[in-house]
Amino acid sequence: MAGASPDPSAAPAGGAGAGRRPLVTLARRADFLRAASARRQGTAGFLLQARQRPEGDATPATMVRVGYTCSKKLGNAVARNRAKRRLRALAREILPDAARPGWDYVLVGRPEATATRDFALLRADLEGALRRVHAAPEPTPATDPGAAPRRRGGR
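Residue numbers (the UniProt record's numbering): 1 to 155.
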């Protein structure tokens, strides 16, 4: 599976959580861009971007993929890495049970919030954001932001 690497920390420890779906980390820029053009839900601690992969995608439909990003607006490398560590811990805890198979998720860190917000509040943010993202109506081909643009003219 090109572009995605298994997250070894997402594996269940000691057999606990045997029904949990393993997370695969997004690695290719194109996957991040596709997720950015799909559904999004802002919270106080981060932004959640979510995209259901199309039927013909090379990634197995049972797999959940997740990516993390923090811009330089968050601060220096130490601050960005701390924020990403918190997002990874949050995803490992919540997504194996709450994510839908066949979906890609990207957690985007927010300045002054991701690194400092109480972890219990971040957890509640993610659970609420997932509910709202999945409650949205399924996009139709005409309104799907990932669909090919319509051509104008008689060509």
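Even glycine gets a Cβ: it sits at the ideal position worked out from N, Cα and C.
- At the C-beta level, V106 and A35 come within 8 Å of one another.
- Per the C-alpha coordinates, the member of R53, E112, L33 positioned closest to N76 is E112.
- G45 and G56 have their C-alpha atoms roughly 34 Å apart.
- Judged by DSSP in its simplified three-state form, R85 adopts helix.
- Burial is judged here by how many other beta carbons sit within 10 angstroms of a residue's own beta carbon; V78 has fewer than 16 and is exposed.
- With respect to the C-alpha of Q49, the residue from R80, A120, L26, A61 having the closest C-alpha is L26.
- In this structure, G67 lies near F32, with their beta-carbon atoms less than 8 Å apart.
- DSSP, reduced to helix, strand and coil, places G128 within a helical segment of the structure shown.
- For D104, the secondary structure class from DSSP, reduced to helix, strand or coil, is strand.
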